[in-house]
Structure formats: C-alpha cells, structure tokens
Amino acid sequence: MARLRLPSAVYDDSMSDFLTRLGWVETLDQGPIEVDFQDVGFYQPAALSALLAAVNSWCRRNRTVAFINAQACPAFRYLQRMDFFTLSGIALPEDFKRHEETGRFMALRRVDTALAGRVDAVCREIATCLFPKLAESDDPNRTGAFDVLEYASSELINNIIQHARGVGYVAVQRYPQKGLVCVGIADSGIGIRRSFEETAPSFWDPAMTHLDAVRTATQPRASSKAHLAAGWDGGRVNEGVGLSMLKEIAADADGVFTLASGTGFYQENHLQKRPYPIEITMLHPFQGTVCSLVLPKEKLGNLQEILLNAKKRLGLLRGDTPFDNLFT
Amino acid sequence: MIHELPLAERFGTFLAEGALAAEFRLREIEPFFHTYDCIVLDFSGVRNVNSSFANALLVPLIEQHGSEALGKLRFHGCNPIVRVMIEGALALGLQRAQENGHAVTV
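Below you can see the structure in the form of structure tokens.
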C-alpha cells in the first residue's frame, strides 16, 4: 500500500514539490494507492488537473486508488463543485446547492481526442464561463481577457489532442480579489521527451533530458511534428509555436508560465518579478505533461497587440510589412 | 479565375484546430492550386484564430509553392487579430522555404 498525504495548498511556488510527490507515490510499490485529502485546502487549477491526471494514470495501469478523508477536508465542497470526484469515478452525495459557475470558474473538463472538431466550442464555453459579459462584445479593447483565455485554452487543448496520447483535464478559475485568471491543464500521456523521441525532429538528441525537452518545447518552432510530411503527402498540423506564444503572453502580462513533464520543470514567474526562469530536475517524474498560466486580468488588453508583441519577441514576424498587398 | 473560400461559414467565428486547417488545405486548396489564378481566403465574420490553425493552413503552402503562393493567395475581411496570425504564418512559411533552399520573393 502506497499512501500519499496531499499538501494543504499548491501555489506556483510549490507546484514542482507537488508534482514530485505525485511521481514519488509510484515508486513505493505496485499495490493500491491511498490518497489522503485530510489537509487539502487551496489548489491552483493546474494542481487539480495534475492530481486528476495522475489518478487517471494510476487507474489505467490497474492500480487501485482509494480516497480517504475526502469528506473531511476543507476543500471538499469545492472539489465536488469542480467535479473532481465525479471525474475520478466516485459519486459522492452533495449536501449543497450548486451555484452558477459563470464569472468565477468552470468545473474540470476531460480533454482527449474525442474533443477533436469541437475545440472552438469548448474554448468559447471556457471563456464565456469566466467572462460572460465580454462574450457578446465586439470591442477588442474590452474583450482582451476573453480573447486571451479562448486562445490559450485552444492551444493547450490542441497539444493534448495532437501529442499526449492520453487523457487530460483542464481547469480555469478567476480570482477577482487578486485580479488573476488561471488556466491549468494536465495529461497522463507520453510526455514531451518521448513525443520528441518517437518523431525524432532535427533537434532530437538521445541524451536530451526531460528538462532539456521541456525547455526546448518553450522555444518557437520546437515541435515534434513540424518536420513531418506536409502538402499532398499529409496534413502537417503543428509548427511548434503554441507554447512559446503562451510563454510570451504570460511574460507580457507579468504573469506566470509553468510547464512540466517527466522530471523536467520550467517556470517563469513575472508576477513575483523573478528575474530568471526556474528550471528544476524533479526527483520523481510526473507521468505526463502539465501547463499552467496565471495572468493578471488588467494586463490582458487587446489580443492583437498581445499577439503582435509576442510574435515580434519570438522573431515570428518580419519587421517590414511585405504582405500588405495580400490583404483586401 | 478566382477560388473564394469563406472560412466562417465552414469553421465558425473562432478558428482553433490545426488538424481542421490541414484537412481544409488538403481538400479545398491544394487540389485547385494550379487551376485558379487567385485563391481568396475570406475571413469575414472570424473573430479569433490561433497559431495552430493559421500555421497549418498557410505554412506548408508557402513552403511548397513559394512565390507562386504569395502571388495567388489573398486574405479578405481580416480583423486585426486574424491579420497578425496570418502575417506570422506567412513569415514562418517564408523562413521554411528559405531553409529548404527555395528563393521566394515577396
């Protein structure tokens, strides 16, 4: 029996410890896993997604998972409201009335290839849930937060559909008092390093560590699939720009960008004015990939300007305007 | 001859999936590329587009057809967000074409 006592809170600062703990429990033995919720209070969306992805991964590998002290933990009703237990396959009675999600959060949502063809609708639902008043506005100077959330969610969900080969979960939450918008997504798939290994892009090196792979994935044009056949031969769907754009969007908004996979952990924390990225090789691997964005809402102005700045910084736009004559 | 392709009719107001863009390119653009003098991608009604869609739609076209693609493709009805994403995809396509040794003039 492996026993995992969950921490009381998981913030950006403690995310790597939390993911390490999820990896550590798998090293104990091959028997049942007991997850102790007794202390659980505040978990960032990415932490909830990661925990659910880990539970899914354990169950898929025929580990018996038992939740203990769940009903006694401070966050019990919140976890119920986020559909954490339902998505874990556990039906617990609810002794409260569910209020509207609108404007504050959206319950955890399963992400897998079944969403293909519906990503636009799901992301619109996510953005509308957090910013219902902005959904119908046509003024791009007002709708920045909505547009960024829709855009970011789509890139993160696409990554799972295209690369993960596993189940993922997305969670979004708005903290009006702190003025923050959080998106967290995690999957129990093959992870970034193995995705590179299997498709062998030009930058692949067998000596590449998980941390190298995570770091590489945050760079523009680092896709495991960009070098694959295109045109008549196949439908290349990825140019490896999505994560690097999200990292730049977080930087531009003075937010936090976190990406972890296997033992690799990378975080840029502009919210706390950390001058350098945090790059850690975790002691135990997280089986899959986790990405988190924490963005101050007031900094999410106009998406066009945000994208323009991000693309310029990444060298993805030419300084001149050679394409003007193509637009009518 | 002009080949007009209204994207909002097909995909709605948010163009979000590279896989759909790649399929569209393979079915609706590539087979007709040499048939038409001008291919108009009409983004009227589109509010938002992500990198995945814009790049999967355009980068391989520029990479493979180079200057001919830039001569034939036109983009209609783009709002500022859509335009940034398209310009980014065109620039990426040019980079890839040049890396592959194709001279592309804009």
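Chains as they are written, first to last, in our numbering: chain S, 1 to 328; chain P, 1001 to 1106.
The C-beta atom is built at its ideal place from N, Cα and C for all residues, glycine as well.
Residues that Pro296(S) bridges to, as DSSP identifies them | According to DSSP, which records beta bridges pairwise, Pro296(S) is partnered with Leu180(S).
Might you give, ordered along the chain, the residues of its own chain that have their beta carbon closer than 6 Å to the beta carbon of Ala1069(P), omitting 5 neighbours on each side?
-> Within the same chain, Ala1069(P) has close Cβ partners Leu1061, Ile1062.
Chain S contacts made by the segment 1031-1056 of chain P, where a contact means CB separation under 7 Å = Residues passing the 7 Å Cβ filter: Asn1048, Asn1050, Ser1051, Ser1052, Asn1055, Ala1056.
Sufficient close CB pairs (3 or more, under 8 Å) joining the segment 44-51 of chain S to the segment 297-305 of chain S = At 8 Å Cβ cutoff, the stretches do not touch.
What residues of chain P sit near Gly242(S), judged by a beta carbon separation below 7 Å?
-> The contacting residues are Ser1051, Ser1052.
Given that a residue counts as buried once 16 or more other Cβ atoms are within 10 Å of its Cβ, and exposed if not, what is Ala54(S)?
-> Here Ala54(S) is buried, its C-beta having at least 16 other C-beta atoms within 10 Å.
With a cut-off of 8 Å, does the C-beta of Pro93(S) fall near any C-beta of chain P?
-> It does not: the Cβ of Pro93(S) has no partner Cβ on chain P nearer than 8 Å.
Is the CB of Met1001(P) under 8 Å away from at least one CB in chain S?
-> No, no contact with chain S.
Ile1029(P) versus Val1046(P) - alpha carbon distance | Straight through space, the alpha carbons of Val1046(P) and Ile1029(P) are spaced by roughly 19 Å.
Give the range of the alpha helix (DSSP H) segment to which Met15(S) is assigned.
-> Its alpha helix (DSSP H) spans residues 15-24.
Name the two residues that bound the continuous beta strand (DSSP E) containing Gly168(S).
-> That run of the beta strand (DSSP E) goes 168-175.
Distance, Gly1012(P) Cα to Met82(S) Cα = When rounded, the distance between both Cα atoms is 29 Å.
Say whether the segment 105-124 of chain S touches the segment 1016-1025 of chain P, bearing in mind that this needs 3 or more beta-carbon pairs closer than 8 Å, one atom from each stretch.
-> Segments in contact, yes.
Identified DSSP bridge partners for Leu1041(P) | According to the DSSP secondary-structure assignment, Leu1041(P) is paired through a beta bridge with Leu1005(P), Phe1075(P).
Taking Cβ-Cβ distances below 7 Å as the criterion, which residues of the segment 284-311 of chain S are in contact with chain P?
-> Cβ contacts with chain P come from Leu303, Gln304, Leu307, Leu308, Lys311.
Using the beta-carbon of each residue, which ones in chain S are nearer than 9 Å to Arg1010(P)?
-> Per Cβ cutoff of 9 Å: no residues; Arg1010(P) is ~11 Å from chain S at best.
Using the C-alpha atoms, what's the distance from Lys97(S) back to Asn1055(P)?
-> In this structure, the alpha-carbon of Asn1055(P) lies about 45 Å from that of Lys97(S).
Near-chain P residues of the segment 142-156 of chain S (beta-carbon distance less than 7 Å), N- to C-terminal order = Listed in sequence order: Asp147, Glu150, Tyr151, Ser154, Glu155.
Is there a Cβ from chain S that is less than 8 Å from the Cβ of Ala1097(P)?
-> False, the Cβ-Cβ gap to chain S never drops below 8 Å.
Okay, do the segment 256-265 of chain S and the segment 9-24 of chain S touch, 3+ Cβ pairs below 8 Å being the bar?
-> At 8 Å Cβ cutoff, the stretches touch.
Quick one: which chain P residues come within Cβ less than 7 Å of Met245(S)?
-> Near Met245(S) (Cβ distances below 7 Å), the residues of chain P are Ser1051.
Between Arg313(S) and Glu268(S), is the Cβ-Cβ spacing less than 8 Å?
-> Cβ atoms of Arg313(S) and Glu268(S): not closer than 8 Å.
Contacts of His1076(P) in chain S (Cβ-Cβ under 7 Å) | Within chain S, the residues placing a beta-carbon under 7 Å from that of His1076(P) are Thr328, ordered along the chain.
Where does Leu1057(P) sit, in a helix, a strand or coil, going by DSSP?
-> Helix.
Going along the chain, which residues of its own chain have a beta-carbon closer than 6 Å to the beta-carbon of Leu1057(P), five neighbours each way excluded?
-> Cβ neighbours of Leu1057(P) beyond the five flanking positions: Ala1021, Arg1025.
Have a look at Asp1042(P) and Phe1033(P) and give me their C-alpha separation to the nearest angstrom.
-> Near 16 Å, if we compare the C-alpha coordinates of Phe1033(P) and Asp1042(P).
Have a look at Ser1052(P) and Val294(S) and give me their C-alpha separation to the nearest angstrom.
-> Ser1052(P) and Val294(S) have their C-alpha atoms some 22 Å from each other.
Would Phe42(S) be called buried (16 or more neighbouring beta carbons within 10 Å of its own) or exposed?
-> Phe42(S) counts as exposed, since fewer than 16 other beta carbons sit within 10 angstroms of its beta carbon.
Comparing the C-beta of Gly1018(P) with each C-beta of chain S, is any distance below 8 Å?
-> Yes, Gly1018(P) lies at the interface with chain S (some Cβ there is under 8 Å from its Cβ).
Top-ranked residue by Cα proximity to Pro331(S), from Lys311(S), Glu198(S), Arg194(S), Ile278(S) = As shown, chain S starts at 1 and ends at 328. That puts residue 331(S) outside it, with no answer to give.
Taking the alpha-carbon positions, what's the Val1040(P) to Tyr169(S) distance?
-> As the crow flies, the alpha-carbon of Val1040(P) is around 38 Å from that of Tyr169(S).
Taking C-beta to C-beta, are Ser344(S) and Gly288(S) nearer than 8 Å?
-> Since the first and last residues shown for chain S are 1 and 328, residue 344(S) lies out of range.
Those runs of the alpha helix (DSSP H) which lie wholly inside the segment 254-327 of chain S and span at least 4 residues = Within the segment 254-327 of chain S, the complete alpha helix (DSSP H) runs of at least 4 residues are 303-313.
Starting from the beta carbon of Leu130(S), find every residue of chain P whose beta carbon is closer than 7 Å, and list them in chain order.
-> For Leu130(S), there are no C-beta contacts with chain P under 7 Å, since the nearest C-beta of that chain is about 15 Å from it.
Quick one: what does DSSP say Ala230(S) is sitting in, helix, strand or coil?
-> In this prediction, Ala230(S) scores a pLDDT of 43, lower than 50, which makes its location untrustworthy; the coordinate-derived value is nonetheless stated afterwards. Coil, per DSSP.
Which one of Phe203(S), His210(S), Pro176(S) has the shortest CA to CA distance from Ile190(S)?
-> The candidate whose alpha carbon is nearest that of Ile190(S) is His210(S).
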